[in-house]
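Asks: One structure, pasted below without further comment.
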Amino acid sequence: MALDSLRPDDFGSDPFLAFQWHFGRAEVLHDREFFDEARAATAKALLIAEANGMEREQCGGCHLSRKIDLRDAQYERALGEFHKGFVRANELSDARSACQALVGIGSVHYFQSNTKEAIMYYQRALDLARAAGERRVAMITIYNLAAASGYAEGEQAAIAIYRNLLDTASSMDNEFRADVLINMADAYRRLDDPRTALELIDQAIALYPETGDRTSRAKAHQFRATACWNLGRKEEALEEIKTALSFTRSPDLRTRLILRQAKYLNELGRFEEAYERINAYRLGQDTLLREKFNEGIALAKVRFETAEKEHRLLEQEQALLLAEEAQRRRAIQRNAFIGIAAVLLLVALLLYRSMRTGIVSLRRERELHSQQVDQLLAQQELKSINAMLEGWRTNATDGQGPARPPRQHARRHQGQYERLGGQS
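Each residue of the sequence shown is one higher than the last, beginning at 811 in the working numbering.
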């Protein structure tokens, strides 16, 4: 089934199911080493957790994101994120998350071959887990501490830690106890002590039926086959390979077991059976590669569809921005036109008012000028008449008698005098 056969839309409005879908998909992608896609799925899960206040799920998502960086060899980024997680866990008084962060920091140093720093952080995590009563975290921390100690100080140091864990951890479940026994057996194998390794593997196999972990039991039988082969019990080793094949459901583990079986048969001189097993291995490997190829195609299709959707969303956003910009530009143009029209109207009103005031003022000036001219002419005529009358009076006083003006002239002056008198 393709990885994108389900969609979070199928879960309706349930944020928990949507978170679990993205989180589970991120874990699968992380196991398949599709790290970029795993980061994207984890980021979506974290968005859902943050939006719905799912603090526990948010811590799990952050821890998965750091594990992805660690497995992708992004050590600097992983180290920084683990430190941030440790600080955040202390702020929330979350001992389990703090222990996980310390284990993560130690793992970063372990993968960078800084075993002393790794052991120091593992020890801090172990002390904190024991103080907080986190037994499961404490056992996992001891498991990591043993691996680092075995790398730095030798297999005997790791074996001592494993034995101490088996003796002191009374709350350890059968599955974890079997895993510890298998790792201890592997340490004895590296010490060239296959007999002790075989005894420990038998103890582990005795615990697996109660757990129902078929894959772990298949791996245990694989380890037992190696121990039997090293002890010279070659037929028994072949039987263990067959038993492991009957338990496993993992295509990857099945192909590796078939290849181991072919090598054993070849060394025993059973070439026809070995050739048959080689063909089965090739068929299984082709099937596995085809599944991975199909998953890669499915992921590529998902990436393409995602990129296409993002491109369409970007185009829609740009179209909206362009529409908003055009609308804003039209609004600015409309407002500018209205403003310019208002200014022009105001200027026209001012010009009209100014011209009207000028015309009225000019008219008043003309009327005033006409009045002044008429008044001046009237004064001059009055003065002329007065002067003539004064001259007549003077002549009459001198005894010459009244000098009578001609009849028409006197009548005209008399009319003007009456007119002027009427005006005055």
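Glycine included, every Cβ here is placed at the ideal spot set by N, Cα and C.
Between A939 and E1135, what straight-line distance do the alpha-carbon atoms span, to the nearest angstrom?
Replies: Near 59 Å, if we compare the C-alpha coordinates of E1135 and A939.
Asks: Helix or strand or just coil, what does DSSP make of S1167?
Replies: Residue identity differs from the one stated: residue 1167 is Thr in this sequence, not Ser. In the structure shown, T1167 sits in a helix (DSSP, three-state: H, G or I).
Asks: Report yes if the CB atom of A1047 is closer than 8 Å to the CB atom of A1030, and no otherwise.
Replies: Going by C-beta atoms, A1047 is not nearer than 8 Å to A1030.
Asks: Output the distance between the C-alpha atoms of G1232 and L1192, rounded to the nearest integer angstrom.
Replies: Residue placement at G1232 is flagged as unreliable, the pLDDT there being 46, under the threshold of 50; the coordinate-derived value follows with that caveat. In a straight line, the C-alpha of G1232 is about 12 Å away from that of L1192.
Asks: What is the DSSP secondary structure of R1005, reduced to helix, strand or coil?
Replies: Helix.
Asks: Within 10 Å of its beta-carbon, does C1027 have 16 or more other beta-carbons around it, so buried, or fewer, so exposed?
Replies: Checking the sequence shown, residue 1027 turns out to be Arg, not Cys. That one is buried.
Asks: At 4 residues or longer, and completely inside the region 816–870: list those alpha helix (DSSP H) runs for me, N to C.
Replies: Segments of the alpha helix (DSSP H) lying fully in the region 816–870: 825–841, 845–861.
Asks: Identify, in the order they occur along the chain, each residue of the same chain with its Cβ nearer than 7 Å to the Cβ of R1064, setting aside the five sequence neighbours on each side.
Replies: Excluding residues within five positions, the ones whose Cβ falls inside 7 Å are L1055, T1058, G1094.
Asks: Could you pull the start and end residues of the alpha helix (DSSP H) that R999 belongs to?
Replies: That run of the alpha helix (DSSP H) goes 984–1000.
Asks: CB A836 to CB A848, shorter than 8 Å?
Replies: In contact: A836 and A848 (Cβ atoms closer than 8 Å).
Asks: Please state the DSSP three-state secondary structure of G1042.
Replies: If DSSP states are grouped into helix, strand and coil, G1042 belongs with coil.
Asks: For L955 and I929, what's the separation of their Cα atoms in angstroms?
Replies: Those two C-alpha atoms are separated by around 6 Å.
Asks: Measure the alpha-carbon distance for Q1032 versus E1009 and round it to whole angstroms.
Replies: Taking the straight line from one Cα to the other gives about 14 Å.
Asks: Which residues bound the alpha helix (DSSP H) around N1076?
Replies: Run containing N1076: 1061–1077, per the alpha helix (DSSP H) assignment.
Asks: Which of helix, strand or coil does DSSP assign to D1012?
Replies: Of the three classes helix, strand and coil, the one that applies to D1012 here is helix, per DSSP.
Asks: Can you tell me where the alpha helix (DSSP H) holding R887 begins and where it ends?
Replies: Unbroken alpha helix (DSSP H) run through R887: 885–902.
Asks: Quick one: residues in its chain with C-beta nearer than 8 Å to the C-beta of L1041, no 5 flanking neighbours on either side, listed in chain order?
Replies: Hits under 8 Å: P1004, R1005, L1008.
Asks: If we ignore side chains and look at the alpha-carbon of each, how far apart do R1173 and A1152 end up?
Replies: Computed Cα separation, rounded: 31 Å.
Asks: Is R1139 helix, strand or coil when you go by DSSP?
Replies: If DSSP states are grouped into helix, strand and coil, R1139 belongs with the helices.
Asks: So G916 is in the alpha helix (DSSP H); what residue range does that whole segment cover?
Replies: Its alpha helix (DSSP H) spans residues 905–921.
Asks: Between H1121, F892, S907, E891, which lies nearest to C751 when the distance is taken from Cα to Cα?
Replies: Outside the displayed span of the chain (811 to 1234) sits residue 751, for which this structure offers no information.
Asks: Nearer than 7 Å: is that true of the beta carbon of E1045 relative to any heavy atom of the ligand MN?
Replies: Annotation note on the ligand MN: not contained in the displayed structure, which lists no ligands.
Asks: Assuming A935 and T951 make a contact with CB atoms under 8 Å, what is their CB distance in whole Å?
Replies: Confirmed, about 5 Å.
Asks: Can you name, in chain order, every residue of its own chain whose Cβ lies under 6 Å from the Cβ of Y920, other than the five neighbours on each side?
Replies: Taken in chain order, the residues that qualify are A928, A958.
Asks: In angstroms with no decimal places, state the Cα-to-Cα distance between N1089 and D1096.
Replies: Roughly 10 Å separates the two Cα atoms.
Asks: Residues in its own chain within less than 8 Å of S917 by CB, not counting five upstream and five downstream?
Replies: The residues are L880, A928, N954.
Asks: For A855 and G871, which I take to be in contact (beta-carbon distance under 8 Å), what is that distance rounded to the nearest angstrom?
Replies: Right, the Cβ-Cβ distance comes to about 5 Å (below 8 Å), so this counts as a contact.
Asks: Leaving aside the five residues before and after D983 along the sequence, list all residues of the same chain whose C-beta is less than 6 Å from its C-beta, in chain order.
Replies: Around D983: no qualifying Cβ.
Asks: Please report how far the alpha carbon of D814 lies from the alpha carbon of R876, in whole angstroms.
Replies: The predicted model places D814 with a pLDDT of 43, which falls under 50 and marks its position as unreliable; any figure quoted below should be read in that light. Their Cα atoms are separated by approximately 24 Å.
Asks: Roughly how many angstroms lie between the CA atoms of N993 and Q884, to the nearest whole one?
Replies: Using only the alpha carbons, I get a separation of about 27 Å.
Asks: Here's a check: name, in chain order, each residue in its chain whose Cβ is nearer than 6 Å to the Cβ of Y972, leaving out the five neighbours to either side.
Replies: So the qualifying residues of the chain are A956, V990, M994.
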